[in-house]
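Trainee:
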Amino acid sequence: MDEKEMKVIELQDVKKIYEVGAEKVYALNGVNMSVERGEFVAIMGPSGSGKSTLLNLIGCLDRPTEGKVYINGIDTSELSGRELTELRRDTIGFVFQQYNLIPTLTAFENVELPMIFKNVAKHEREKRAEELLNLVGLGKELQRKPRELSGGQQQRVAIARALANEPSILLCDEPTGNLDTKSGRQVMETISDLNRRGVTIVLVTHDPSTAAFAGRTVRITDGRLI
Amino acid sequence: MYFQLARRNLMRNKARSSLAIIGIVIGVMAISSIGVFGESLKATVMENFQNVANEVIVTPAYSSGYTSIDRSTVTKIEKMPFVDRAMPVKTELGSISVRGERGALTVYGMDESAVKDLFKAEKGSIRLKGDCVVGKHVAERFKLRAGSKIILGGEEFRVSAILKEEGARFDINPNNAVILSIKGFNKIFSRDYSIIIVKLKSIENVDSFKELVKKTINSREKKVSVFELRMVLERIEKTFKQITLFLMAIAGVSLLVAGVSILNIMLMSTLERTKEIGVMRAIGAYSETILKIFLLEALILGLFGSVIGSALSIAGGYAIDMLILGSAKYVFTPQAALYLLEGFLFGVITAVLSGLYPAWKASRLEPIEALRYE
Ligand SMILES: Nc1ncnc2c1ncn2[C@@H]1O[C@H](COP(=O)(O)OP(=O)(O)O)[C@@H](O)[C@H]1O
Ligand SMILES: [Mg+2]
């Protein structure tokens, strides 16, 4: 019990099988893995090895075909769709390769959005959105729309948004994949800074210099950890 | 904030949203202005009948063999409570001769005051003492003027007045008739009364009057029948309502088209925004929240279109009324307002119903599938 509580993420013999026509694709083929509170884990592997699939299962965006995923000791297979949504909202932050900001909303409103979904009071949520954007160094770009921001700036807005409801886990899928070296570096510095503040981080990449920021690196090929 | 999100999504493709709104505007306008016009038309027609609403007509009970009403019955009715005035009429087919030209027409015998009450003179002034009045068609047929002489059943009468042409009436029609005093009538024919036009004190007395006739005059045998014009008026009113409803249903087709266009627009929007929906689901939006945002978009389109459509309908109803009825006084009645409200509600409901399916579809997307969509 004590041990489980230490583990923020635990995967037990997780398989994800896609049926493409008559063929079965084993995107994940028996993954066992655990992440402790405050860790910074990088998942590395070639394209198509199952990295995104793994991260989406951890993030409760998808359910495994077989095996169990525990988040903070909770068996996610027992949760309803609504409960999974709440888990994502309150416990998990997502950063995607394509930033995925809502184009009609300003940077500030994008950061507010997860708090709106959680019914956080307006005053509190505005205060927090401003703090977060200051934290990622965008205190001056609050009212800009995503298309008025550079790739690096957009990714930092995305990080601020991911942190809005104070998640215990931050999941990043190739966050520097679309960025030049300099912005990529800034983004990675922001992320490792968050880790120092206690946020557990799982980050997918195939770039060794990005993985170098992590405390531990896990390798994956053909749906298996090695 | 959800409102802002919805509003900005609509602003993203202004041309598309405008088209959807125009569709609703046209639909709402068609429904409301036809409703308002129908109501005005009905009101205009009913206005002509309003003063006969408290009239009842007493006729012989043909079903039990009576073909006329005798004097004592007339007197009984005249003396009944609720009766403001009773106008007994005698009717017979007669032959007329004017300057050697002959013809057949209806001859009525009635009191001068009753004639004055029911009809208006176009030429001359109504006087029945030794004189007669003639209907418009008779005057035209025999080229009669006020002061002309006619011969009816061997007796000579002077035409004191020519009556204005009358529209459809339920009791007697003077257009092709000569009206004499009862005395004058009795000189030529020996016939009892054929009809009594009874004006009651109020429309509320109709039922009591019928009851009284049943208990007294018709107590032993059914001698007379009582027709109420009220019922005829109700029938007319109902018919107008049905016609208006039918026209509005046709106009409703245009709203249906608007609905389909909203459905189409929103389905396209759902598809284009699949990835955004996935993102929102990933960062903590319930599927109901997605449903809400899309329905809100449909609602905004509907409200916008309906407000504009209703405003234009007032103008449209005014224009049609002026054009066809020559007066717009019935555009601003409670009934017309009801039709405006109806058009407005139909517009909003159509938009929301059309948005329901796309919104439901958007809300049902699996977060991971939506996110992966390119
Ligand atoms: N929805 C899907 N349907 C079918 N196959 C899929 C689907 N998603 C992923 N895959 C397959 O699963 C494997 C792993 O994919 P993914 O996790 O995206 O790899 P990575 O992120 O490491 O590039 C790939 O072979 C991919 O084609
Ligand atoms: Mg991937």
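Sequences listed follow chains A and B, in order. Going by this note's numbering, the first residue of the first sequence is number 1, and it counts up by one from there. Going by this note's numbering, the first residue of the second sequence is number 1, and it counts up by one from there. Virtual Cβ for every residue (Gly too), placed ideally from N, Cα, C.
Leu163(A): which of Asn178(A), Ile201(A) and Lys140(A) sits nearest, CA to CA?
Mentor: Indexing the first sequence from 1 puts residue 163(A) at position 163. With distances taken between Cα atoms, Leu163(A) lies closest to Ile201(A).
Trainee: According to DSSP, is Leu11(A) part of a helix, a strand, or is it coil?
Mentor: For the purposes of this step, residue 11(A) is taken as the residue at position 11 of the first sequence. Shown here, Leu11(A) sits in a strand according to DSSP, grouped into three states.
Trainee: Who are the Cβ neighbours of Arg156(A) in its own chain at under 7 angstroms, not counting the five residues just before and after it?
Mentor: Mapped onto the first sequence, residue 156(A) falls at position 156. So the list reads Val136, Gly137, Leu138, Val187 and Thr190, once near-sequence residues are dropped.
Trainee: What residues from the segment 142 to 162 of chain A come within 9 angstroms of chain B, judged by C-beta to C-beta, listed N to C?
Mentor: Arg161 and Ala162
Trainee: Answer with yes or no whether the minimum CB distance from Leu79(A) to chain B is below 8 angstroms.
Mentor: As a position in the first sequence, residue 79(A) is number 79, starting the count at 1. So, not an interface residue.
Trainee: Given a cut-off of 8 angstroms, decide if Leu61(A) and Ile71(A) are closer than it, judged by their beta-carbon atoms.
Mentor: To locate residue 71(A), count along the first sequence from 1; it is residue 71. To locate residue 61(A), count along the first sequence from 1; it is residue 61. No, these two residues do not count as a Cβ contact at 8 angstroms.
Trainee: I'd like the span of the alpha helix (DSSP H) that includes Ile314(B), first residue to last.
Mentor: The residue given as residue 314(B) occupies position 314 in the second sequence. It spans Ser287 to Ile324 - the alpha helix (DSSP H) in which Ile314(B) sits, taken as one unbroken run.
Trainee: Is any heavy atom of ligand 2 found at a distance shorter than 7 angstroms from the C-beta of Asp173(A)?
Mentor: Within the first sequence, the letter at position 173 stands for residue 173(A). Within the chosen limit of 7 angstroms, ligand 2 reaches the beta carbon of Asp173(A) through at least one heavy atom.
Trainee: Output the residue ranges of the alpha helix (DSSP H) runs that lie fully inside the segment 189 to 232 of chain B and measure 4 residues or longer, sorted by chain position.
Mentor: 206 to 215
Trainee: Give the interface partners of Leu113(A) over in chain B, defined as CB-CB distance under 7 angstroms, in chain order.
Mentor: Taking the first sequence and counting its residues from 1, the one referred to as residue 113(A) is at position 113. Simply Ile283.
Trainee: Do Thr59(B) and Ile389(B) count as a contact pair if the criterion is CB distance below 8 angstroms?
Mentor: For residue 389(B) there is no data in the structure shown, the boundaries of chain B being 1 and 374.
Trainee: Less than 8 angstroms between the beta carbons of Asp173(A) and Ser52(A), yes or no?
Mentor: What you label residue 173(A) is simply residue 173 of the first sequence in a count that begins at 1. What you label residue 52(A) is simply residue 52 of the first sequence in a count that begins at 1. Contact: yes.
Trainee: Can you list the residues of chain A that Ile368(B) reaches, using a CB-CB cut of under 8 angstroms?
Mentor: Taking the second sequence and counting its residues from 1, one reaches residue 368(B) at position 368. The contacting residues are Asn56, Leu61 and Asp62.
Trainee: Expressed to the nearest angstrom, what Euclidean distance is found between the alpha-carbon atoms of Asp117(B) and Gly38(B)?
Mentor: For this step, residue 117(B) is matched to residue 117 along the second sequence. For this step, residue 38(B) is matched to residue 38 along the second sequence. Approximately 31 angstroms, taken between the alpha carbons.
Trainee: Does ligand 2 have a heavy atom nearer than 7 angstroms to the CB of Ser52(A)?
Mentor: As a first step, residue 52(A) is located in the first sequence; it is residue number 52 there, counting from the start. Under cutoff, so the answer is yes.
Trainee: Specify, as a first and last residue, the run of the beta strand (DSSP E) that Leu28(A) falls within.
Mentor: Position 28 of the first sequence, counted from the first residue, corresponds to residue 28(A). Start and end: Glu23 to Glu36.
Trainee: How would you call Ile243(B), buried or exposed, if buried means at least 16 neighbouring beta carbons within 10 angstroms?
Mentor: Mapped onto the second sequence, residue 243(B) falls at position 243. When all chains shown are included, Ile243(B) counts as exposed.
Trainee: Could you give the residue range of the alpha helix (DSSP H) that holds Phe82(B)?
Mentor: Translated into positions along the second sequence, residue 82(B) becomes position 82. Here Phe82(B) belongs to no alpha helix (DSSP H), and DSSP marks it neither H nor E.
Trainee: Do Gly35(B) and Met248(B) have their CB atoms nearer than 8 angstroms?
Mentor: Translated into the one-based positions of the second sequence, residue 35(B) becomes position 35. Translated into the one-based positions of the second sequence, residue 248(B) becomes position 248. Yes, Cβ-Cβ distance for Gly35(B) and Met248(B) is below 8 angstroms.
Trainee: How is Ala328(B) classed by DSSP in three states: helix, strand or coil?
Mentor: Stepping through the second sequence from its first residue, residue 328(B) is reached at position 328. Three-state result, Ala328(B): coil.
Trainee: Hey, does Met322(B) have any beta-carbon neighbour from chain D nearer than 8 angstroms?
Mentor: Any reference to chain D falls outside this structure, whose protein chains are A and B.
Trainee: Residues bridged to Glu86(A) by DSSP?
Mentor: As a working note, residue 86(A) is residue 86 in the first sequence. None, per the DSSP bridge assignment.
Trainee: In the DSSP output, which residue or residues are listed as bridge partners for Val89(B)?
Mentor: In the second sequence, the residue the question calls residue 89(B) occupies position 89. Looking at the DSSP assignment, Val89(B) forms a beta bridge with Ile195(B).
Trainee: May I ask you to list, following chain order, the residues of the segment 263 to 279 of chain B that have a beta carbon less than 9 angstroms from some beta carbon of chain A?
Mentor: Lys275, Glu276, Gly278 and Val279
Trainee: Here's the rule: buried if 16 or more other CB atoms are within 10 angstroms of the residue's CB, otherwise exposed. What is Ser202(B)?
Mentor: The residue given as residue 202(B) occupies position 202 in the second sequence. Classification of Ser202(B): exposed, given that the 10 Å Cβ count is below 16.
Trainee: Beta carbon of Leu152(B), beta carbon of Gly109(B): below 8 angstroms?
Mentor: What you label residue 152(B) is simply residue 152 of the second sequence in a count that begins at 1. What you label residue 109(B) is simply residue 109 of the second sequence in a count that begins at 1. The answer is no: Cβ separation not under 8 angstroms.
Trainee: Specify whether the segment 288 to 303 of chain B and the segment 354 to 362 of chain B touch according to this definition: at least 3 beta carbon pairs, one from each stretch, less than 8 angstroms apart.
Mentor: yes
Trainee: Is DSSP giving Lys361(B) helix, strand or coil here?
Mentor: For this step, residue 361(B) is matched to residue 361 along the second sequence. In the structure shown, Lys361(B) sits in a helix (DSSP, three-state: H, G or I).
Trainee: Per the contact definition of three or more C-beta pairs closer than 8 angstroms, is the segment 70 to 79 of chain B in contact with the segment 227 to 247 of chain B?
Mentor: no
Trainee: Which term fits Lys129(B), buried or exposed, when burial requires 16 or more other beta carbons within 10 angstroms of its beta carbon?
Mentor: For the purposes of this step, residue 129(B) is taken as the residue at position 129 of the second sequence. Its Cβ having fewer than 16 others within 10 Å, Lys129(B) is exposed.
Trainee: Determine the chain A residues that contact Leu5(B) at a beta-carbon separation under 8 angstroms, and present them in chain order.
Mentor: Walking along the second sequence from the start, residue 5(B) turns up at place 5. Neighbours of Leu5(B) on chain A, chain order: Ile102, Thr104 and Leu105.
Trainee: What is the DSSP secondary structure of Lys4(A), reduced to helix, strand or coil?
Mentor: Against the first sequence, residue 4(A) aligns to sequence position 4. Bear in mind that a pLDDT of 49 at Lys4(A), under 50, signals an unreliable position, so the model cannot answer this.
Trainee: Could you please give the first and the last residue of the uninterrupted alpha helix (DSSP H) stretch that includes Pro114(A)?
Mentor: In the first sequence, the residue the question calls residue 114(A) occupies position 114. First-last of the alpha helix (DSSP H) with Pro114(A): Ala107 to Phe117.
Trainee: Please compile the residues from chain A whose C-beta is within a distance smaller than 8 angstroms of the C-beta of Tyr286(B).
Mentor: Within the second sequence, the letter at position 286 stands for residue 286(B). Listed along chain A are Arg82, Thr85 and Phe117, each with a C-beta nearer than 8 angstroms to that of Tyr286(B).
Trainee: Which term fits Tyr2(B), buried or exposed, when burial requires 16 or more other beta carbons within 10 angstroms of its beta carbon?
Mentor: In the second sequence, the residue the question calls residue 2(B) occupies position 2. Answer is exposed; the Cβ neighbour count stays below 16.
Trainee: When you compare only the Cα positions, how much space is there between Arg63(A) and Asn100(A)?
Mentor: As a working note, residue 63(A) is residue 63 in the first sequence. As a working note, residue 100(A) is residue 100 in the first sequence. Roughly 22 angstroms separates the two Cα atoms.
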